[in-house]
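**Student:** This structure is in structure tokens; I'll ask about it shortly.
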Amino acid sequence: MSAETEVREKVEALFEYLTREEHGDYLGESISQLEHSLQAAMLAADSGADEDTILGALLHDIGQFIPTTSLSKKQAPDILSPSGAFVGRGSHDEFGEAYLRDFGFSEKVCQLVGGHVIAKRYLTGVDESYFDALSEASKITLKHQGGPMSTDEVAKANQDPWIKQKVQVRIWDDLAKNPDVKAPPITKYIDMAVRNVLATKHS
Numbered sequence: 307m308s309a310e311t312e313v314r315e316k317v318e319a320l321f322e323y324l325t326r327e328e329h330g331d332y333l334g335e336s337i338s339q340l341e342h343s344l345q346a347a348m349l350a351a352d353s354g355a356d357e358d359t360i361l362g363a364l365l366h367d368i369g370q371f372i373p374t375t376s377l378s379k380k381q382a383p384d385i386l387s388p389s390g391a392f393v394g395r396g397s398h399d400e401f402g403e404a405y406l407r408d409f410g411f412s413e414k415v416c417q418l419v420g421g422h423v424i425a426k427r428y429l430t431g432v433d434e435s436y437f438d439a440l441s442e443a444s445k446i447t448l449k450h451q452g453g454p455m456s457t458d459e460v461a462k463a464n465q466d467p468w469i470k471q472k473v474q475v476r477i478w479d480d481l482a483k484n485p486d487v488k489a490p491p492i493t494k495y496i497d498m499a500v501r502n503v504l505a506t507k508h509s
């Protein structure tokens, strides 16, 4: 089996985790988890973003639904609303970042996936209106994620060379909830993901 064929099979298996969410509820929104991810990737592509950023947008929530071991379940526990409704998996950003790095994606893809929650904390720290516009589910998860950044945390975040891209992925994340939009299928991104992993492997 060639290296490309092996990577392609791994990517297809990874994307299957997303495909299984075709009918899965996206945290109380009127679209599925899959459609949310596809819309985020479409918004990135339509903006002229590079392939790393498009893949980061596509896979930003992968930590929500990749299988968990008993250890990772402790690292990424379920977050529940006061009514007991599931509103997300704790530390899914860090869990997804580590998973994709082990998978072989570029550091930029991994950082963007791992940074979309940090970007949420960043935006709520610099823009009060952004917090006010969050859904109730997102406000609940924000509490578990550390809340809005302090002034010192914002200053430190501004030193991150990818902070602008992380914030942009977060903005696409927020916008990717339109039930009237039909995004391209996930198969569109298979070759892109294969190229990314192969390039990272040989870099």
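Using our numbering, the first residue of the sequence shown is number 307, and each one after it goes up by one.
By construction, the Cβ of each residue, glycine as well, lies at the ideal position given by its N, Cα and C atoms.
From a predicted model like this one, the values you see are computed outputs, not experimental measurements.
(1) Let me check understanding here. Comparing Cα to Cα, which of Y436, R427, F321 and H422 lies closest to Q471?
(2) Does the beta-carbon distance from A350 to W478 come in below 8 angstroms?
(3) Going by alpha carbons, who is nearest to A461 out of S441, V432, Q417 and I446?
(4) Using the C-alpha atoms, what's the distance from Y428 back to Q451?
(5) Near A489, what residues of its chain come up, given a Cβ to Cβ distance below 6 angstroms and the 5 sequence neighbours on each side ignored?
(6) So L361 and A505 are supposed to be a Cβ contact under 8 angstroms. How far apart are they, rounded?
(7) Between which two residues does the alpha helix (DSSP H) harbouring L504 extend?
(8) For S435, which beta-bridge partners are listed by DSSP?
(9) Judging by CA-CA distance, which residue of N464, A463 and L340 is the nearest neighbour of T493?
(10) Alpha carbon to alpha carbon, how far is C416 from L324? Give it in angstroms, no decimals.
(11) Taking C-beta to C-beta, are V475 and A363 nearer than 8 angstroms?
(12) What is the DSSP secondary structure of G362, reduced to helix, strand or coil?
(13) Tell me the DSSP secondary structure of V313 in three-state form.
(14) For the alpha helix (DSSP H) holding K449, just list the boundary residues, first then last.
(15) Can you name the start and end residues of the alpha helix (DSSP H) that W478 belongs to?
(16) If you compare alpha carbons, which of E434, P467, S444 and L440 is closest to M455?
(17) DSSP on V460, reduced to helix/strand/coil?
(18) Identify whether Q465 lies in helix, strand or coil by the three-state DSSP scheme.
(19) Near L365, what residues of its chain come up, given a Cβ to Cβ distance below 6 angstroms and the 5 sequence neighbours on each side ignored?
(20) Quick check on DSSP: helix, strand or coil for K426?
(21) Just to confirm before moving on: does the CB-CB distance between F437 and T430 stay below 8 angstroms?
**Tutor:** Let's see:
(1) The residue you call residue 471 lines up with position 165 of the sequence shown. Here the closest residue by C-alpha is H422.
(2) On the sequence shown, residue 350 is found 44 positions in, with the first residue counted as 1. On the sequence shown, residue 478 is found 172 positions in, with the first residue counted as 1. Going by C-beta atoms, A350 is nearer than 8 angstroms to W478.
(3) As a first step, residue 461 must be located in the sequence shown, where it is residue number 155. When only C-alpha atoms are compared, the closest one is V432.
(4) On the sequence shown, residue 451 is found 145 positions in, with the first residue counted as 1. On the sequence shown, residue 428 is found 122 positions in, with the first residue counted as 1. Taking the straight line from one Cα to the other gives about 11 angstroms.
(5) Here residue 489 is taken as the residue at index 183 of the sequence shown, counted from 1. Contacts found: L344, Q345 and M348.
(6) Counting from one through the sequence shown, the residue named residue 361 turns up at place 55. Counting from one through the sequence shown, the residue named residue 505 turns up at place 199. Wrong, their Cβ atoms sit about 12 angstroms apart, outside the cutoff.
(7) Taking the sequence shown and counting its residues from 1, the one referred to as residue 504 is at position 198. From DSSP, the alpha helix (DSSP H) with L504 extends over I496 to K507.
(8) Here the question's residue 435 lines up with position 129 in the sequence shown. According to DSSP, which records beta bridges pairwise, S435 is partnered with nothing at all.
(9) The residue labelled residue 493 in the question sits at position 187 within the sequence shown. The candidate whose alpha carbon is nearest that of T493 is L340.
(10) Counted from its first residue, the sequence shown places residue 324 at position 18. Counted from its first residue, the sequence shown places residue 416 at position 110. Each residue's Cα considered, the two are about 17 angstroms apart.
(11) Position 169 of the sequence shown, counted from the first residue, corresponds to residue 475. Position 57 of the sequence shown, counted from the first residue, corresponds to residue 363. Contact: yes.
(12) Taking the first residue of the sequence shown as position 1, residue 362 is located at position 56. Reduced to three states, the DSSP call for G362 is helix.
(13) Against the sequence shown, residue 313 aligns to sequence position 7. It is helical.
(14) The count along the sequence shown starts at 1 and reaches residue 449 at position 143. E442 to H450 is the span of the alpha helix (DSSP H), which, as asked, contains K449.
(15) Within the sequence shown, residue 478 is the residue found at index 172, counting from 1. That run of the alpha helix (DSSP H) goes I469 to L481.
(16) Within the sequence shown, numbered from 1, the residue matching residue 455 stands at position 149. Of the listed residues, the one whose Cα sits closest to M455 is E434.
(17) Counted from its first residue, the sequence shown places residue 460 at position 154. It is helical.
(18) In the sequence shown, counting from the first residue as 1, residue 465 sits at position 159. In this structure, Q465 counts as coil in the three-state DSSP scheme.
(19) If you number the sequence shown from 1, residue 365 lands on position 59. Excluding sequence neighbours, L365 sits near V419.
(20) Your numbering for residue 426 matches position 120 in the sequence shown. Of the three classes helix, strand and coil, the one that applies to K426 here is helix, per DSSP.
(21) Translated into the one-based positions of the sequence shown, residue 437 becomes position 131. Translated into the one-based positions of the sequence shown, residue 430 becomes position 124. For F437 and T430, yes; Cβs fall inside 8 angstroms.
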